[in-house]
Amino acid sequence: MNKSKLSSLLKECEQQGINGLLFQHIVLCPTRTWLHYHRIDCAHLNRHMQSGIFLHETAYGGVAAHHFGFGISPDMLDFKKREISEIKKSKSHETATMSQLLFYMLVIQQATQQTWTGRLRYPNSRRTKRIELDRQAQSDLLAAFEQITTIIVQPQPPEKVSKKICKHCSYRMLCWFESTEDRDY
Ligand code: SF4
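So, in structure tokens, the structure goes:
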């Protein structure tokens, strides 16, 4: 994919308020994508999200990069290595996390005009995975962007479909009238 196509993708994202989290949500659930875009947020009700926040704050103390510029909030940035990281509790939903990380990589590459690598970090298992923004990754990003834009313009959220991730989703109360606190997972 050429540079101008990537630049216009970012410009569109900025104009439409499409952020990195939407690139994660679109892999997981279109309903969640719509709800998040339209600022319906229930994350504070979900204890899995709360423990994720705690993990971020403790695992790599001192190097977190929340609310960095360029409109993104990566977990870690290393300017010497030109590496951008996301920290996760487990490998579940890795494709979704990768989608968000690729978006961050695109933003930072365009902003610095340098090549960056991505890294998924799993402090609980001490594993990491290196990610590159290669041609395939760029096409995946574009496809995700097209899916997001198709969904967010709809007047209502797409029909919800019950799936495995619903039981951990912060929108569970909204979609299924069940709290994530109902059972101990
Ligand atoms: S509860 Fe399930 S259907 Fe509803 S937003 Fe979450 S993942 Fe999607």
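Quick note, in the UniProt record's numbering, the sequence shown goes up one by one and the last residue is 185. Ideal Cβ positions, reconstructed from N, Cα and C, are used throughout, including at glycine.
Which partner residues does residue i have in the DSSP bridge list?
i	result
aspartate 78	Glu83
glycine 118	Ile84, Ile131
Have a look at residue i and residue j and give me their C-alpha separation to the nearest angstrom.
i	j	result
arginine 135	cysteine 175	36 Å
lysine 164	phenylalanine 145	24 Å
lysine 80	histidine 168	37 Å
isoleucine 87	leucine 101	10 Å
asparagine 77	glutamate 83	Reading off the sequence, residue 77 comes out as leucine, not asparagine. The alpha-carbon atoms of leucine 77 and glutamate 83 are separated by roughly 6 Å.
lysine 129	threonine 97	11 Å
valine 161	leucine 10	30 Å
valine 27	serine 99	8 Å
glutamine 113	tyrosine 104	14 Å
glutamate 94	leucine 106	18 Å
leucine 35	serine 170	11 Å
arginine 119	proline 74	11 Å
glutamate 132	cysteine 166	30 Å
proline 158	cysteine 29	9 Å
Please state the DSSP three-state secondary structure of residue i.
i	result
isoleucine 40	coil
valine 63	With a pLDDT of only 41 at valine 63, under 50, the local geometry of the prediction cannot be trusted, and the value read off the model is given with reservation. Coil, per DSSP.
phenylalanine 177	coil
proline 155	coil
glutamine 109	helix
Quick check on residue i: buried or exposed, where buried means 16 or more other Cβ atoms within 10 Å of its Cβ?
i	result
proline 155	exposed
threonine 150	exposed
arginine 172	buried
arginine 32	buried
Whose beta carbon lies closer than 7 Å to any heavy atom of ligand 1, going through the chain in order? Leu28, Cys29, Thr31, Arg32, Leu35, Lys160, Val161, Ser162, Lys163, Ile165, Cys166, Cys169, Tyr171, Arg172, Leu174, Cys175, Trp176
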